[in-house]
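Asker: The structure is given below, and queries will be raised subsequently.
There are 2 protein chains.
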Amino acid sequence: MTTKDFGIREGEVTAELPAEPDAALYFIGRIHTPWKERKDCPKNARESDAICTLEIDARWAPGLKEVETCTHLVVLYWMDKSPRNLVLQVPGRYGVPRGTFALRSPARPNPVAMSVVKLVAVDGNRLSVIGLDCLDGTPLIDIKPYFASTDSVPDAVVGWHARK
Amino acid sequence: MTTKDFGIREGEVTAELPAEPDAALYFIGRIHTPWKERKDCPKNARESDAICTLEIDARWAPGLKEVETCTHLVVLYWMDKSPRNLVLQVPGRYGVPRGTFALRSPARPNPVAMSVVKLVAVDGNRLSVIGLDCLDGTPLIDIKPYFASTDSVPDAVVGWHARK
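Going down the list, the protein sequences come from chains A and B.
So the number in this note's numbering is just where the residue sits in the first sequence, counting from 1, plus 197.
So the number in this note's numbering is just where the residue sits in the second sequence, counting from 1, plus 197.
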């Protein structure tokens, strides 16, 4: 067997997906970014200060009341172009297998990405933000206020990354 | 009409839910906490240093490789006991309506909660962590490494909260 046939790299391991899902999501809007193809996306969000736009569906727009008082937001979005069955992955830059839950790769059982963004402007149902690295048109799942008291840990370390 | 009939408070506003969901989630495990009822849960995660356990299903356990090198993790979980149609909410402590996306309330279109936790120990498919405030048995959706470089913003402000 060649792993190439399955679109995975040597050292990568997959799990069998469950037969049935357990819960369902509604897309609440879309994310507009400058990046139309994956190769154009920044490697991580700190590499770019591009202003992106969160466009919230009219149905949910009243939920934005007082969001403008926040300097930073937590954004959850759906990385729908990635395989969901990888448990060990070999990121191209590092070349060694690591567990999916030790990586921020979009390939994961539930491809819900989390980014912390800086809020630049609010115009009706559109939020201008800095700090995203996803494809244009990515489905939006949630927006939350970022509380430094619970969400900020300046001295946190990802050991495998610090060792590289 | 009395808002009580609908289980919502005065000043709260709901949206009609979409007819169909857009994506599906797999629960990847369960969270074990000391809190069996909502009234027992800490008001926020910094109020408690209780050690909770993330128990990952065997199917996904290989995905934990190198998670033990992380001091902190992002945990996503499913708050399945909350209404999904509230767009304006009146949190009991404050008494004024605010938008769902300006709150960390579990009542939101997609009840995916995000917590930053401190990793205390790893034992096979069980992670001991500090920093959760959810009910015992809460379904787990994702675990990610916490990168201070992109996830930590010590000076972030939630204006409505700072003014309280």
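We treat Cβ as the ideally placed atom computed from N, Cα and C, and that holds for glycine.
Please return the same chain residues whose Cβ sits closer than 6 angstroms to the Cβ of A:Asp339, not counting the five positions on each side in sequence.
Answerer: As a first step, residue 339 of chain A is located in the first sequence; it is residue number 142 there, counting from the start. Contacts found: Leu273.
Asker: Looking only at its chain, what residues have a beta carbon closer than 8 angstroms to the beta carbon of B:Asp348, apart from the 5 residues adjacent to it on each side?
Answerer: Position 151 of the second sequence, counted from the start, is the residue given in the question as residue 348 of chain B. Answer for B:Asp348: Val271 and Val313, listed in chain order.
Asker: For a contact meaning CB atoms closer than 8 angstroms, what does B:Leu285 contact in chain A?
Answerer: Taking the second sequence and counting its residues from 1, one reaches residue 285 of chain B at position 88. What B:Leu285 touches in chain A: Pro259, Gly260 and Lys262.
Asker: Do you know how far the Cα of B:Arg227 is from the Cα of B:Val284?
Answerer: Position 87 of the second sequence, counted from the first residue, corresponds to residue 284 of chain B. Position 30 of the second sequence, counted from the first residue, corresponds to residue 227 of chain B. So the alpha carbons of these two residues sit roughly 28 angstroms apart.
Asker: Grouping DSSP H, G and I as helix and E and B as strand, with all else coil, what is B:Arg323?
Answerer: Your numbering for residue 323 of chain B matches position 126 in the second sequence. Of the three classes helix, strand and coil, the one that applies to B:Arg323 here is strand, per DSSP.
Asker: Contact defined as beta carbons within less than 8 angstroms: I believe A:Ala212 pairs with A:Asn307. What is the distance between those atoms, to the nearest angstrom?
Answerer: As a working mapping, residue 212 of chain A is identified with position 15 in the first sequence. As a working mapping, residue 307 of chain A is identified with position 110 in the first sequence. Actually they are not in contact, since the Cβ atoms of A:Ala212 and A:Asn307 sit about 13 angstroms apart, beyond 8 angstroms.
Asker: With DSSP run on the structure shown, which of helix, strand or coil describes A:Gly260?
Answerer: Translated into positions along the first sequence, residue 260 of chain A becomes position 63. DSSP places A:Gly260 in helix when its eight states are reduced to three.
Asker: Relative to the C-alpha of A:Gly292, which residue among A:Ala220, A:Ile225, A:Pro218 and A:Trp357 is closest?
Answerer: In the first sequence, residue 292 of chain A corresponds to position 95, counting from 1. It is A:Trp357.
Asker: Given B:Arg323, which residues of its chain have a CB within under 8 angstroms of its CB, disregarding the five upstream and five downstream residues?
Answerer: Position 126 of the second sequence, counted from the start, is the residue given in the question as residue 323 of chain B. Here the set comprises Thr250, Leu251, Glu252 and Ile253.
Asker: What does the alpha-carbon distance come out to for the pair B:Val319 and A:Ala258?
Answerer: Against the second sequence, residue 319 of chain B aligns to sequence position 122. Against the first sequence, residue 258 of chain A aligns to sequence position 61. So the two alpha carbons sit approximately 41 angstroms from each other.
Asker: Using a Cβ-Cβ cutoff of less than 8 angstroms, which residues in the same chain neighbour B:Glu234 once the five nearest sequence positions on both sides are dropped?
Answerer: As a working mapping, residue 234 of chain B is identified with position 37 in the second sequence. Contacts found: Leu332.
Asker: What is the DSSP secondary structure of B:Glu234, counted as helix, strand or coil?
Answerer: Residue numbering aside, residue 234 of chain B sits at position 37 when the second sequence is read from its first letter. In the structure shown, B:Glu234 sits in coil (DSSP, three-state: anything other than H, G, I, E or B).
Asker: Would you decide whether B:Gly334 is buried or exposed? Buried here means 16 or more other CB atoms lie within 10 Å of its CB.
Answerer: Translated into the one-based positions of the second sequence, residue 334 of chain B becomes position 137. Looking at its Cβ environment, which holds fewer than 16 other Cβ atoms inside 10 Å, B:Gly334 is exposed.
Asker: So that I know if they touch, is there some Cβ in chain B lying closer than 8 angstroms to that of A:Thr200?
Answerer: The sequence position of residue 200 of chain A within the first sequence is 3, counting from 1. Because A:Thr200 carries a pLDDT of 42, less than 50, the predicted location of this residue cannot be relied on, and no value is offered for it.
Asker: I want to verify the contact list: residues of chain B whose CB lies under 9 angstroms from the CB of A:Ala299, in sequence order.
Answerer: Walking along the first sequence from the start, residue 299 of chain A turns up at place 102. Under the 9 angstroms cutoff, chain B gives Gly260, Leu261, Lys262, Glu263, Val264, Glu265, Thr266, Cys267, Ile340, Lys341 and Pro342.
Asker: Give the residues of chain B in contact with A:Gly292, contact being defined as C-beta atoms less than 7 angstroms apart.
Answerer: To locate residue 292 of chain A, count along the first sequence from 1; it is residue 95. Under the 7 angstroms cutoff, chain B gives no residues; its nearest Cβ is about 14 angstroms from A:Gly292.
Asker: Would you please state the rounded distance, in angstroms, between the beta carbons of A:Ala304 and A:Ser279? I believe it to be under 8 angstroms.
Answerer: Position 107 of the first sequence, counting from 1, holds the residue named residue 304 of chain A. Position 82 of the first sequence, counting from 1, holds the residue named residue 279 of chain A. So it is a contact: roughly 4 angstroms between Cβ atoms.
Asker: Between the alpha carbons of B:Gln286 and A:Ala247, how many angstroms are there, rounded?
Answerer: Counting from one through the second sequence, the residue named residue 286 of chain B turns up at place 89. Counting from one through the first sequence, the residue named residue 247 of chain A turns up at place 50. Taking the straight line joining both Cα atoms gives about 32 angstroms.
Asker: Please identify, using Cβ separations under 8 angstroms, the residues of the stretch 212 to 231 of chain A that lie next to chain B, in order along the chain.
Answerer: Listed by position, the residues of the stretch 212 to 231 of chain A near chain B (Cβ gap below 8 angstroms) are Ala212, Glu213, Leu214, Pro215, Pro218, Asp219, Ala220, Ala221, Leu222, Tyr223, Phe224 and Ile225.
Asker: Alpha carbon to alpha carbon, how far is A:Arg295 from B:Glu263?
Answerer: Stepping through the first sequence from its first residue, residue 295 of chain A is reached at position 98. Stepping through the second sequence from its first residue, residue 263 of chain B is reached at position 66. Near 6 angstroms, if we compare the C-alpha coordinates of B:Glu263 and A:Arg295.
Asker: Against chain B, which members of the stretch 242 to 258 of chain A pass a CB distance test of less than 7 angstroms?
Answerer: Within the stretch 242 to 258 of chain A, the qualifying residues are Ala242, Arg243, Arg256 and Trp257.
Asker: Compare the C-beta of B:Pro351 against all C-beta atoms of chain A and say whether one is closer than 8 angstroms.
Answerer: In the second sequence, residue 351 of chain B corresponds to position 154, counting from 1. With 8 angstroms as the cut-off, B:Pro351 counts as an interface residue toward chain A.
Asker: Which residue's Cα is closest to the Cα of A:Trp275: A:Tyr223, A:Gly289 and A:Val326?
Answerer: The residue labelled residue 275 of chain A in the question sits at position 78 within the first sequence. Checked all of A:Tyr223, A:Gly289 and A:Val326; the closest Cα to A:Trp275 is A:Tyr223.
Asker: Determine the extent of the alpha helix (DSSP H) in which A:Gly356 is found, giving its start and end residues.
Answerer: For the purposes of this step, residue 356 of chain A is taken as the residue at position 159 of the first sequence. Its alpha helix (DSSP H) spans residues Gly356 to Ala359.
Asker: Looking at the secondary structure, which residues open and close the beta strand (DSSP E) in which A:Thr335 lies?
Answerer: Taking the first sequence and counting its residues from 1, the one referred to as residue 335 of chain A is at position 138. Run containing A:Thr335: Thr335 to Pro342, per the beta strand (DSSP E) assignment.
Asker: Please state whether the Cβ-Cβ distance between A:Ala221 and B:Pro218 is less than 8 angstroms.
Answerer: In the first sequence, the residue the question calls residue 221 of chain A occupies position 24. In the second sequence, the residue the question calls residue 218 of chain B occupies position 21. Closer than 8 angstroms, so yes.
Asker: Hey, how far is the Cα of A:Ala353 from the Cα of A:Ala345?
Answerer: Within the first sequence, residue 353 of chain A is the residue found at index 156, counting from 1. Within the first sequence, residue 345 of chain A is the residue found at index 148, counting from 1. Distance between the alpha carbons of A:Ala353 and A:Ala345 is about 14 angstroms.
Asker: Could you tell me which chain B residues have their CB closer than 8 angstroms to the CB of A:Thr347, listed as they occur along the chain?
Answerer: The residue labelled residue 347 of chain A in the question sits at position 150 within the first sequence. Here the neighbours are Asn241, Ala242, Arg243, Ser312, Val313 and Gly328.
Asker: Which of helix, strand or coil does DSSP assign to A:Ala255?
Answerer: For the purposes of this step, residue 255 of chain A is identified with residue 58 of the first sequence, where counting begins at 1. Helix, per DSSP.
Asker: Considering only residues of the same chain and omitting the five flanking positions on each side of B:Val309, which have a CB-CB separation below 7 angstroms?
Answerer: Here residue 309 of chain B refers to the residue found at position 112 of the second sequence. Here the set comprises Leu273, Trp275 and Ile338.
Asker: Mapping DSSP to helix, strand and coil, what is B:Arg295?
Answerer: For the purposes of this step, residue 295 of chain B is taken as the residue at position 98 of the second sequence. Reduced to three states, the DSSP call for B:Arg295 is strand.
Asker: Taking Cβ positions only, does A:Arg206 come closer than 8 angstroms to chain B?
Answerer: Looking up residue 206 of chain A in the first sequence gives position 9. With 8 angstroms as the cut-off, A:Arg206 does not count as an interface residue toward chain B.
Asker: My output table needs one value for B:Ser346: the three-state DSSP class, helix, strand or coil.
Answerer: Translated into the one-based positions of the second sequence, residue 346 of chain B becomes position 149. In this structure, B:Ser346 counts as helix in the three-state DSSP scheme.
Asker: Are the Cβ atoms of B:Leu316 and B:Cys267 separated by less than 8 angstroms?
Answerer: Translated into the one-based positions of the second sequence, residue 316 of chain B becomes position 119. Translated into the one-based positions of the second sequence, residue 267 of chain B becomes position 70. Against a cut-off of 8 angstroms, the Cβ pair of B:Cys267 and B:Leu316 comes out as a contact.
Asker: CA-CA distance, B:Ile327 and A:Leu261?
Answerer: By one-based count along the second sequence, residue 327 of chain B stands at place 130. By one-based count along the first sequence, residue 261 of chain A stands at place 64. So the two alpha carbons sit approximately 31 angstroms from each other.
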